[in-house]
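> In terms of full-length UniProt numbering, the sequence shown is residues 1 to 316. Glycine is no exception: its CB is placed at the ideal position from the N, C-alpha and C atoms. Being a predicted model, the structure only gives us computed values, none of them experimental. This is the structure I want to talk about, given as structure tokens.
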Amino acid sequence: MEPFYGKDKPLPESLRIVFLGDSITDDGTYIAYLDAYFRQHAPASRIELINLGVSSETASGLSEPFHPFPRPCVHDRLARALAETRPDWVVVCYGMNDAIYHPLSEERFDAYKDGLLRLLGQIRQAGAKAIAMTPPPFDPASLPDGANRLLPEGRPESAYSYETPYADYEQVLKRYADWVLSLSEEAADATVSIHDELLAHVAAERAADPAYLSGDGIHPFAPGHAVMAQSILRTLFGVAPESAEAFAAAMEGSAYFELVLQRHRLVSAAWKEHVGHTNPNKAEGALPLAEAKAEAQALEARIRELAADSNASPTS
Numbered sequence: 001m002e003p004f005y006g007k008d009k010p011l012p013e014s015l016r017i018v019f020l021g022d023s024i025t026d027d028g029t030y031i032a033y034l035d036a037y038f039r040q041h042a043p044a045s046r047i048e049l050i051n052l053g054v055s056s057e058t059a060s061g062l063s064e065p066f067h068p069f070p071r072p073c074v075h076d077r078l079a080r081a082l083a084e085t086r087p088d089w090v091v092v093c094y095g096m097n098d099a100i101y102h103p104l105s106e107e108r109f110d111a112y113k114d115g116l117l118r119l120l121g122q123i124r125q126a127g128a129k130a131i132a133m134t135p136p137p138f139d140p141a142s143l144p145d146g147a148n149r150l151l152p153e154g155r156p157e158s159a160y161s162y163e164t165p166y167a168d169y170e171q172v173l174k175r176y177a178d179w180v181l182s183l184s185e186e187a188a189d190a191t192v193s194i195h196d197e198l199l200a201h202v203a204a205e206r207a208a209d210p211a212y213l214s215g216d217g218i219h220p221f222a223p224g225h226a227v228m229a230q231s232i233l234r235t236l237f238g239v240a241p242e243s244a245e246a247f248a249a250a251m252e253g254s255a256y257f258e259l260v261l262q263r264h265r266l267v268s269a270a271w272k273e274h275v276g277h278t279n280p281n282k283a284e285g286a287l288p289l290a291e292a293k294a295e296a297q298a299l300e301a302r303i304r305e306l307a308a309d310s311n312a313s314p315t316s
């Protein structure tokens, strides 16, 4: 697939991109990296990134028996999300929760396929481009107390959960990721691979430091989010930052990125609660959307100033 934009396809004057996903998207660091990049490298384009990630969410509607609450399903809020945001593009990232941390089951796999295809189809029916990201990998070596939590195949179905995942859950996610990448243009306008890229990143880091922790096994730390942002930039925009490590390191501790991230989380929390969701844990301190937008606007002048003057450019 050719990038939507690149050297011969300049960015439009404005572009609104909505992100739907689980807790990895809810964290939003990869989206804030994208925001920081575009503000520095495409200041003439108004690229609005709206994060509607919800922790624990799935596209399949499945939930493990002992999850603290029924997992939210994106289909419960999709119509309102599309109506309220009116996006040009929607980028979706599901799969980590959809296999509910069990061994591979064709029934669960079919539920994921059906849920994701319905999601992509409804996005396109709303007039937006539908972009599917692969699920990220599961990293058992980074799971806290993994020796006592990881379960072999053959246990009762009720034994597996995010607290006690299947030891080879990564192989399940690999199947899911490969399927996403196989989607035709009739199903998705684009697919973005993050699974294999994150695996390669972890392998390289672990070759240098065998004790390297990529996150908590499920949620990547900031360098992983940089890999995700890099993959999106390369696939959709034809941009190739020199390395994810440089991308993340350039932002770490910079006043510019801290302000971008502050603005991102302020607006994201407001958007998430404005649209609504079925996770009983709501975004703490979320402001009404209009109030959050006003506070975000008050940060804009300082962000633009820091973007212009910053020595923390991730790449060119």
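Using the C-alpha atoms, what's the distance from W179 back to R149?
Distance between the alpha carbons of R149 and W179: 28 angstroms.
> Return the bridge partner residues of P220 from the DSSP annotation.
Paired residues: G215.
> From H195 to G215, what does the alpha carbon distance come to, in whole angstroms?
Those two C-alpha atoms are separated by around 14 angstroms.
> In the segment 30-92, which residue ranges form an unbroken beta strand (DSSP E) of at least 3 residues, counting only runs that do not cross its ends?
The segment 30-92 contains these whole beta strand (DSSP E) runs: 46-51.
> Hey, R39 and A307: beta-carbon distance below 8 angstroms or not?
For R39 and A307, yes; Cβs fall inside 8 angstroms.
> Would you mind sorting Q125 into buried or exposed? The rule is 16 or more other CB atoms within 10 Å of its CB.
The residue is exposed, with fewer than 16 neighbouring Cβ atoms inside 10 Å.
> Once you ignore the five residues that flank N311 on each side, which residues in its own chain have a CB closer than 7 angstroms to its CB?
In this prediction, N311 has a pLDDT of 45, which is less than 50 and means its spatial position is unreliable; nothing more can be read from the coordinates.
> Using the Cα positions of P136 and S184, report the straight-line distance between them to the nearest angstrom.
Distance between the alpha carbons of P136 and S184: 20 angstroms.
> Out of R77, G28 and L62, which one is the CA nearest neighbour of P70?
Nearest C-alpha to P70: L62.
> How many angstroms separate the CA atom of I131 from the CA atom of G146?
Looking at the two C-alpha atoms, the distance is approximately 33 angstroms.
> Please report the straight-line C-alpha distance between L261 and T85, rounded to a whole angstrom.
Approximately 20 angstroms, taken between the alpha carbons.
> Can you give me the C-alpha to C-alpha distance between P72 and G276, rounded to a whole angstrom?
The straight-line gap from Cα to Cα measures roughly 11 angstroms.
> Have a look at S313 and H274 and give me their C-alpha separation to the nearest angstrom.
Summary for S313: the model assigns pLDDT 45, below 50, so the residue's position carries little reliability; its value from the coordinates is reported in the next sentence. Using only the alpha carbons, I get a separation of about 33 angstroms.
> Using the DSSP secondary-structure output, state which residues sit across from L15 in a beta bridge.
DSSP, once it has assigned bridges, lists I47 as partnering L15.
> Would you give the residue range spanned by the alpha helix (DSSP H) that T25 belongs to?
Note, T25: alpha helix (DSSP H), S23 to D27.
> Where does V239 sit, in a helix, a strand or coil, going by DSSP?
DSSP places V239 in coil when its eight states are reduced to three.
> Note down the Cα distance separating residue 328 from R46, rounded to an integer number of angstroms.
As displayed, the chain neither begins before 1 nor continues past 316, which places residue 328 out of reach and without an answer.
> Can you tell me the Cα-Cα spacing of residue 366 and E57, whole angstroms?
Since the first residue of the chain shown is 1 and the last is 316, residue 366 is not available in this structure.
> If distances are taken between C-alpha atoms only, which option among G6, A177, D27 and L34 comes closest to R16?
The option with the nearest alpha carbon to R16 is L34.
> With distances taken Cα to Cα, identify the nearest neighbour of N281 among R206, S55 and A159.
Checked all of R206, S55 and A159; the closest Cα to N281 is S55.
> Should S161 go down as buried or exposed, given a rule of 16 or more other Cβ atoms within 10 Å for buried?
With 16 or more other Cβ atoms within 10 Å, it is buried.
> Taking the continuous beta strand (DSSP E) assigned at I131, which residues delimit it?
That run of the beta strand (DSSP E) goes K129 to M133.
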